[in-house]
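Peer 1: Following this message is one structure expressed as structure tokens.
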Amino acid sequence: MSTPPQTPSNGVPHAVLPALQVETDVNLKPYNTFGLPAVAKRLVRIREAADVRRVVDHPELGRAPKFVLGGGSNLVLTRDVDAVVLKVEIPGIRLLEERDDAWIVEAGAGVVWHDLVTWTLDHGYSGLENMALIPGTVGAAPVQNVGAYGIEVKDRLEAVEVMDLITGRPALLPADVCRFGYRDSVFKHSDFGGLAGKSVITHVRFRLPKPWQPVLGYLEIERKMAETGISAPTPRQIYDWIVAVRRAKLPDPAVIGNAGSFFKNPVVTAEQCKDIIGRDPGIVHYPMPDGSVKLAAGWMIDACGWKGKTVGGAAVYDKQALVLVNKADARGAEVVTLARAIQESVYGRFGIRLEPEPVVV
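Using the UniProt record's numbering, the first residue of the sequence shown is number 1, and each one after it goes up by one.
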């Protein structure tokens, strides 16, 4: 008599789960947009949610530390990665539900973010256009709460599907439990109930509102409106404008390695901003609904004379000081050294400590 398949704690028999394909000594340079050298000792491609269960149930990988990798667009690699790299490549976009007040669109975590934005507009679902051309994947977007030109992921997120890295069980997390902040979420923290290193995002659901209302309050959009004479742009026009603006001032990672905006725009009190304006009247700043003020980090870095400066193969992009680039076979340590020098310079002049956006490993 044959022995029945062993059933793990998540209730899925081992016999129904195909064996994982584990790659060893994988060069991660193609998998991070900075193009920094590093090697993953072991890498598993997550192409469906069940692959996470397969990792959890694996006799060796299940107990090993994990490192979740999406598009690698928010990452500075300074060393080889000993943890098991879970390369999330889950595809697919679909309209999950149409409600009276919104469309609910679901996308796999491995979908390229800009492809999702384009798909929604092509299908008549507006609301993500201000975040066009942000690098990275859908699964990474809630982690960082990415945003641009007045919209953040939290403004459009319905729920996040995750797989637990201990039990292998799925969960659907509504937006209100994701603890979103400025470039922050529950997925970036491991303490106090944080989910960093404890779960993998497999799918993300977005709530795209009806009726659509444009978000126009940024200088670049206002300039486009003035140039074109269009006072009531369509979602596609806003999309086209933002794509043009980003391509004009930001480097294409396929041409020159970078991780997009390297520093967060600092948020200060109105009183702090008034003090800084008293010393630097030209500083670019944006009043926030809660009375605080967001300062343009790129303007401050440029004012300190960093545009075009280099440390080894790392450099400050000569068209946008907020972006650090891999100019000539940079190593992660050179990027970090350059970033720290910029932080000290800005702090010395403005009394503001800039916080990096990318994760440094």
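Ideal Cβ placement from N, Cα and C applies to all residues, glycine included.
So the candidates are 262, 86, 187; which of them puts its Cα closest to the Cα of residue 301?
Peer 2: Ranked by how close their Cα comes to the Cα of residue 301, the residues 262, 86, 187 have 262 in first place.
Peer 1: Among the candidates 260, 135, 265, whose CA atom is the shortest distance from the CA of residue 182?
Peer 2: Distance check between residue 182 and each of 260, 135, 265 places 265 closest, using alpha-carbon atoms only.
Peer 1: For residue 78, which residues of its own chain have a beta-carbon under 7 Å away from its beta-carbon, when the five flanking residues on both sides are left out?
Peer 2: 332, 333, 336, 360, 361
Peer 1: Buried or exposed: where does residue 54 fall if 16 or more other Cβ atoms within 10 Å of its Cβ makes it buried?
Peer 2: Taking every protein chain shown into account, the CB of residue 54 has 16 or more other CB atoms within 10 angstroms, so this residue is buried.
Peer 1: Using three-state DSSP, classify residue 145 as helix, strand or coil.
Peer 2: Residue 145: coil per DSSP, three-state reduction.
Peer 1: So, for residue 21: in the same chain, excluding its five sequence neighbours on each side, which residues have a beta-carbon less than 8 Å away from its beta-carbon?
Peer 2: 44, 45
Peer 1: Which residues in the same chain have their Cβ closer than 7 Å to the Cβ of residue 294, if we skip the five residues on either side of it in sequence?
Peer 2: 265, 267, 285, 286, 288
Peer 1: Please state if the CB of residue 91 and the CB of residue 108 are separated by a distance shorter than 8 Å.
Peer 2: yes
Peer 1: So what's residue 74 in DSSP terms, helix, strand or just coil?
Peer 2: coil
Peer 1: Provide the residue span of the beta strand (DSSP E) that contains residue 348, from first to last.
Peer 2: Run containing residue 348: none in the beta strand (DSSP E); it sits in the alpha helix (DSSP H), 332-350.
Peer 1: Within 10 angstroms of its Cβ, does residue 192 collect 16 or more other Cβ (buried), or is it exposed?
Peer 2: exposed
Peer 1: Mind listing, in chain order, the continuous alpha helix (DSSP H) runs of no fewer than 4 residues lying wholly within the stretch 65-138?
Peer 2: Counting only runs of 4 or more residues that sit fully inside the stretch 65-138, the alpha helix (DSSP H) segments are 113-122, in chain order.
Peer 1: Determine the DSSP secondary structure at residue 180, reduced to helix, strand or coil.
Peer 2: coil
Peer 1: Could you name the residues of the same chain whose beta carbon sits closer than 7 Å to that of residue 199, not counting the 5 residues immediately before and after it, in chain order?
Peer 2: 162, 163, 164, 165
Peer 1: Quick one: Cα of residue 11 to Cα of residue 100, how far?
Peer 2: At residue 11, the pLDDT of 40 sits below 50, so the modelled position is not reliable; the number obtained from the coordinates is stated separately. Going from the Cα of residue 11 to the Cα of residue 100 covers about 38 Å.
Peer 1: Are residue 113 and residue 88 touching if we call contact CB-CB under 8 Å?
Peer 2: no
Peer 1: Please work out which residues of its chain come closer than 7 Å, Cβ to Cβ, to residue 72, disregarding the five sequence neighbours upstream and downstream, and give them in chain order.
Peer 2: Cβ neighbours of residue 72 beyond the five flanking positions: 31, 32, 33.
Peer 1: Which residues bound the alpha helix (DSSP H) around residue 252?
Peer 2: Run containing residue 252: none; DSSP gives neither H nor E here.
Peer 1: Please state whether DSSP places residue 315 in a helix, a strand or coil.
Peer 2: Residue 315 falls in the strand class under three-state DSSP.
Peer 1: Would you tell me roughly how many angstroms separate the C-alpha atoms of residue 319 and residue 190, rounded to the nearest one?
Peer 2: For residue 319 and residue 190, the distance between alpha carbons rounds to 36 Å.
Peer 1: Mind checking which residues open and close the beta strand (DSSP E) that includes residue 208?
Peer 2: 199-209
Peer 1: Check this for me: beta carbons of residue 117 and residue 185, under 8 Å apart or not?
Peer 2: no
Peer 1: Per DSSP, which one or two residues make a beta bridge with residue 32?
Peer 2: None; residue 32 has no bridge partner.
Peer 1: Please state whether DSSP places residue 219 in a helix, a strand or coil.
Peer 2: helix
Peer 1: Compute the beta-carbon to beta-carbon distance between residue 204 and residue 245, rounded to the nearest angstrom, for a pair I have assumed lies under 8 Å.
Peer 2: The Cβ separation is near 25 Å, so there is no contact.
Peer 1: So residue 40 is in the alpha helix (DSSP H); what residue range does that whole segment cover?
Peer 2: Here residue 40 belongs to no alpha helix (DSSP H); instead the beta strand (DSSP E) covers 39-46.
Peer 1: Among 339, 66, 358, whose alpha-carbon lies nearest the alpha-carbon of residue 197?
Peer 2: 66
Peer 1: Starting from the C-beta of residue 347, find all residues in its chain whose C-beta is less than 8 Å away, skip the five residues before and the five after it, and write them out in chain order.
Peer 2: Answer for residue 347: 353, 354, listed in chain order.
Peer 1: So, residue 40 versus residue 81, is the Cβ gap smaller than 8 Å?
Peer 2: yes
Peer 1: CB residue 128 to CB residue 120, shorter than 8 Å?
Peer 2: yes
Peer 1: Kindly indicate the opening and closing residues of the beta strand (DSSP E) around residue 164.
Peer 2: 157-164
Peer 1: Could you spell out where the beta strand (DSSP E) holding residue 23 opens and where it closes?
Peer 2: Where residue 23 is concerned, the enclosing beta strand (DSSP E) stretches over 22-27.
Peer 1: By alpha-carbon positions, which one of 26, 169, 157 ends up nearest to residue 140?
Peer 2: 157
Peer 1: Residue 102 to residue 290, Cα distance in whole Å?
Peer 2: Taking the straight line joining both Cα atoms gives about 26 Å.
Peer 1: For residue 296 and residue 232, I'd like the C-alpha separation in whole angstroms.
Peer 2: 27 Å
Peer 1: Note down the Cα distance separating residue 125 from residue 349, rounded to an integer number of angstroms.
Peer 2: Approximately 45 Å between the Cα atoms of the pair.
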